[in-house]
Amino acid sequence: MQRQKADVYVKQRTQPKSLNKQASIQDDHVTAAPSGYVARSAFKLLQLDDRYKFLRPGRVIVDLGAAPGGWSQAIVERTRSRTAGKVFALDLLPVVGIEGVTSIQGDFLDVETQERLRRMAADAALGSVDENDADKQSEGFVDVVVSDMMANTTGNPITDTEASLELCRAATDFALRTLKRDHHLLQSQERKSPISLASKSSVLVMKYFMSHEADSFRKQVLKKHFHFVKAEKMEASRKESREQFWICIGFKGRQSM
Ligand SMILES: C[S@@+](CC[C@H](N)C(=O)[O-])C[C@H]1O[C@@H](n2cnc3c(N)ncnc32)[C@H](O)[C@@H]1O
């Protein structure tokens, strides 16, 4: 309670125009907030976007681990996307109603739930897609995948790290099947700052717990599939937390592993 009261980001939450229902979800990092972002974690995404500017109008964005809805609120604000079919949110728990966000409640680790989300985004981005219309989907149809997913922590660092990495693996696999390929990133452009590319390239953002295994995953999987991969510790993350965010920019297409 003391920490929550003193937290500058909890104090800073202001009324976003995108919120059209009062939050009613009980969660220890959320205080039902008729006047503000429904979660202080919204500031982490906003800070990351201040740096990289990947939340642009018109982009198709998938928000994983979205409840109660702070990141989705931030996405709608930054992209000014109030019409359905651009922003998709998924969580085990309900996401608050946000104008312009299509949400699914379910376990992302469940293959059928993930497939439902993938088809929903494909249909919205490409028009109704036939089951076998591989060509239409092969170049990808999602611009940005963000994941703030985190299983309930047990206090055991090995268990918590593995649980976090399992969610990152699943989010990466989904991103590799849905993100648009960035053929336009030619050799010369690749040497440019990732900041100048994030607004027009595919982007994957994921929360993870720092560990040796996470670092191996970054080197063996993320760096293989993306032109730029960077680990960021956000100012809005609590100082004592081991959480960081990977931002991966410019999707090369699925590579053989
Ligand atoms: C830190 S919270 C996300 C906060 C959210 N980004 C916001 O701004 O409101 C982490 C979320 O991950 C979700 N989560 C954990 N495991 C999941 C899974 N297997 N499938 C879907 N969501 C999951 C939890 O239910 C929880 O809501």
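Once you know that position 132 of the sequence shown is 150 in this note's numbering, the rest is easy, because the numbers rise by one and skip nothing. No residue lacks a Cβ here, since even glycine has one placed at the ideal position from N, Cα and C. All values reported here derive from a predicted model rather than from experimental measurement.
Three-state class that DSSP yields for residue i in the structure shown
| i | result |
| --- | --- |
| Ser217 | coil |
| Tyr226 | strand |
| Phe159 | coil |
| Phe308 | Coverage of the chain is limited to positions 19 through 275, which leaves residue 308 absent and any answer about it impossible. |
| Val114 | coil |
| Val164 | strand |
| Leu240 | helix |
| Val129 | helix |
| Thr172 | coil |
| Thr308 | Nothing about residue 308 can be read from this structure; the chain reaches only from 19 to 275. |
| Val94 | helix |
| Phe61 | helix |
| Asp109 | strand |
| Glu253 | coil |
| Asp81 | strand |
Any non-hydrogen atom of ligand 1 closer than 6 Å to residue i Cβ
| i | result |
| --- | --- |
| Gly173 | no |
| Trp264 | no |
| Ser326 | Outside the shown range of the chain (19 to 275) lies residue 326, about which nothing can therefore be said. |
| Asp109 | yes |
| Asp200 | no |
| Ala193 | no |
| Ala249 | no |
| Leu66 | no |
| Gly336 | Nothing about residue 336 can be reported from this structure: the residues present for the chain run from 19 to 275 only. |
| Leu240 | no |
| Leu197 | no |
| Asp166 | yes |
| Gly115 | no |
| Leu135 | no |
| Phe126 | yes |
Best match in the options for proximity to residue i [C-alpha to C-alpha]
| i | options | result |
| --- | --- | --- |
| Thr196 | Ala102, Gly124 and Gln155 | Gln155 |
| Thr172 | Asp166, Phe159, Leu73 and Ser182 | Ser182 |
| Ser255 | Arg187, Lys225 and Val119 | Lys225 |
| Glu253 | Ile116, Leu66 and Tyr55 | Leu66 |
| Thr179 | Gly88, Trp89, Ser234 and Ala193 | Ser234 |
| Met228 | Gln262, Val239 and Leu73 | Gln262 |
| Val114 | Asp125, Arg134 and Ser90 | Ser90 |
| Gln132 | Ser219, Gly268 and Gly83 | Gly83 |
| Arg77 | Ser211, Glu231, Thr177 and Val119 | Val119 |
| Glu95 | Ala60, Gly145, Leu215 and Asp109 | Ala60 |
| Val164 | Gln123, Ser220, Arg260 and Asn170 | Ser220 |
| Ile176 | Glu231, Pro212 and Leu73 | Glu231 |
| Glu117 | Phe106, Arg58 and Lys218 | Phe106 |
Burial state of residue i (16 or more Cβ within 10 Å)
| i | result |
| --- | --- |
| Leu111 | exposed |
| Glu258 | exposed |
| Val129 | exposed |
| Thr97 | buried |
| Lys104 | buried |
| Thr190 | buried |
| Leu274 | It is Ser, not Leu, that sits at residue 274 in the sequence shown. With fewer than 16 Cβ atoms within 10 Å of its Cβ, Ser274 is classed as exposed. |
| His243 | buried |
| Glu157 | exposed |
| Lys241 | exposed |
| Glu184 | exposed |
| Asp99 | In the sequence as presented, Asp is not what sits at residue 99; that position holds Ser. Classification for Ser99: buried. |
| Gly87 | buried |
| Ala193 | buried |
| Ala188 | buried |
| Ile265 | buried |
| Ile213 | exposed |
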